[in-house]
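**Student:**
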Amino acid sequence: MAQGFPLPRNCPFAPPPEYERLREEAPLVGAELPGGRVWLVTRHAEAQQVLSDPRISTDPATPGHPMSALSAKPPSAEEREAGARFRAGQFIDMDPPEHDVHRRMLIPEFSVRRVREMRPDIQHVTDRLIDDMLEQGSSADLVEAFGLAVPSMVICRLLGVPYSEHDFFQSRTRRMVGAAGRSQRDAMAAAMEIWDYLDGLVTEAGRNPGDDLIGRLVTTRQATGELSHDALVGMTFLLLLAGHETTANMISLGVLTLLRHPARLAELRAAPDGWAPAVEELLRYHSIVDWVAFDRVATEDMEIGGQNVRRGEGIFVLGASANRDPRAFERPDELDLRRGARNHVAFGYGVHQCLGQNLARAELEIAYRTLFERIPGLRVVGDDDELPFKYDGVIFGLHALPVAW
Ligand code: HEM
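Taking my numbering, the leading residue of the sequence shown gets 9, the next gets one more, and so forth.
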């Protein structure tokens, strides 16, 4: 049984310490939340089982969905109405077959081949940002100057959202993911502001479609009636948010981690083939999304990991616990940059497995490699206990990372 939830992290390089005890206790443990009881999935095998079981729903409208249990107060009529408005096109919150119809339209845009074609552009964006950092002096906040900027620029170019608007959407995203349950109303207001902005952009693309993802969806899907205007806005909203926030946190956290392991960083510099497995290991090791994307609810009575789970019971999969499960990874708490294990669940598992994972891998690999190649003297200013980690947020990372060279 977990005492409270979400459980706090107390070290930037490890999941909440309580996870180990829970994982050894059972693959599924109960947690008493302000709004009711939910299941926490602690082990890797059961995590994959839950994330791929068609009897388990991700739809927030399914009775018993666990997100509502995080707060003692049931959502107000206003919040429910806003939630319903945001539902269109957000296939991360849909079950098959509705989910698959939406996802299928985007698969070619994020395939291995498409991402390979995007690599020169990602490289160009990365180089330009490093040029700017070098031009501006010998120190910077790596989050703002690089970590957040690389994926924001890439997703803006892909979608056809002007990057000049990055302050607007990054600040709203911060309000949305900043603090779990602290101000639902403010998070909702921030989401609505982004939604309204994208609504205008999609309307404009209807009049004058560009050679970008929004333009292609307008001409090939909206014009044929396959996608409504709102569904297109919702898809764009999901891609813009999912496309920058997670990768940004991984870039800064990964850079810090690599700087704290200088011998391994030196090996990577000498043998750049090592970057792909290193990226995989950093994703597993940090598991920045942990439980927040893995909100599920059983739609039938079933048995999982020896536990009877009843219809309507909410489930959170603890991704950060599954990724440190010794049953799936040898020496799971060790950062082994040559491990290259791809069976981690940092990108999820099953039908909702991250659509942007090929893009995220390319961005991380190019960002780390180029940064350390071009700024060999890069160092962090300050000790780990002075750095502003996102202990208060639902996605782990750094608010800022002061660096110098
Ligand atoms: C390091 C970076 C990233 C991490 C750790 C990450 C993690 C995840 C996870 C765990 C899920 C599964 C959610 C679930 O099971 O409900 C997911 C889904 C998704 N991700 Fe990512 N993601 C990253 C980058 C990206 C990027 C760059 C994009 C590109 C636009 C993206 C787009 C999406 C979308 C659209 C979904 C929903 C897929 C579906 O429901 O079918 N992600 N991501």
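Each residue gets a CB set at the ideal place from its N, CA and C atoms; glycine is no exception.
Values in this document were obtained by computation on a predicted structure and should not be read as measured data.
1) Can you give the Cα-Cα distance for G189 and A195, rounded to whole angstroms?
2) I'd like the list of long-range same chain contacts for G155, defined as Cβ closer than 6 angstroms, with 5 residues on each side in sequence excluded.
3) Would you kindly report the start and end of the unbroken alpha helix (DSSP H) that includes P270?
4) Excluding sequence positions up to five away, which residues of its chain have a Cβ less than 7 angstroms from the Cβ of E54?
5) With 16 as the cutoff for other CB atoms within 10 Å, does S329 come out buried or exposed?
6) Pull up the distance between the alpha-carbon of V226 and that of F245, whole angstroms please.
7) Leaving out five residues on either side along the sequence, give the residues of the same chain with a beta carbon under 7 angstroms from the beta carbon of A148.
8) Across which residues does DSSP place N316 in a beta bridge pair?
9) Please classify P347: is it buried, with 16 or more other beta-carbons within 10 angstroms of its beta-carbon, or exposed?
10) Using a Cβ-based criterion (distance less than 8 angstroms to any ligand heavy atom), does F302 qualify as near ligand 1?
11) Kindly give me the distance between the Cβ atoms of L409 and L386, rounded to whole angstroms, as I take these residues to be in contact under 8 angstroms.
12) Ligand 1 heavy atoms versus the CB of Q144: any closer than 8 angstroms?
13) Can you pull the DSSP bridge partners for F324?
14) Please state whether DSSP places P128 in a helix, a strand or coil.
15) Nearest by alpha-carbon distance to A80: which of G43, D393 and R229 is it?
16) Hey, quick one: how far does the alpha helix (DSSP H) through E288 stretch, first residue to last?
17) Could you tell me if the beta carbon of H107 falls within a distance shorter than 8 angstroms of some heavy atom in ligand 1?
18) For the alpha helix (DSSP H) holding A96, just list the boundary residues, first then last.
19) Assuming Y293 contacts Q56 (C-beta within less than 8 angstroms), just tell me the rounded distance between them.
20) For the beta strand (DSSP E) containing P410, list its first residue and its last residue.
21) Measuring alpha carbon to alpha carbon, tell me which residue in P159, I222 and L167 is nearest S236.
22) Suppose only complete runs of 4+ residues qualify. What are the alpha helix (DSSP H) ranges in the region 352-412, listed by chain order?
23) Tell me the DSSP secondary structure of D140 in three-state form.
24) Please identify the residue among H352, E275, H252 and G38 whose C-alpha is closest to the C-alpha of L372.
**Tutor:** According to the structure shown:
1) Caution is warranted here: a pLDDT of 48 is assigned to G189, below 50, making its placement in the model unreliable, and the coordinate value is therefore given only provisionally. If you take the alpha carbons of G189 and A195, they lie about 9 angstroms apart.
2) A256, I259 and S260
3) P270 to A278
4) P35, L36, I312 and G313
5) buried
6) 15 angstroms
7) M141 and V411
8) E311
9) Checking the sequence shown, residue 347 turns out to be Arg, not Pro. Label assigned to R347: buried.
10) yes
11) 11 angstroms between Cβ atoms; not a contact.
12) no
13) L48 and D303
14) helix
15) G43
16) W283 to H294
17) yes
18) Premise fails: A96 is in no alpha helix (DSSP H) and is neither H nor E.
19) Contact doesn't hold; Cβ gap of about 19 angstroms is too wide.
20) P410 to A412
21) I222
22) 365-382
23) helix
24) H252
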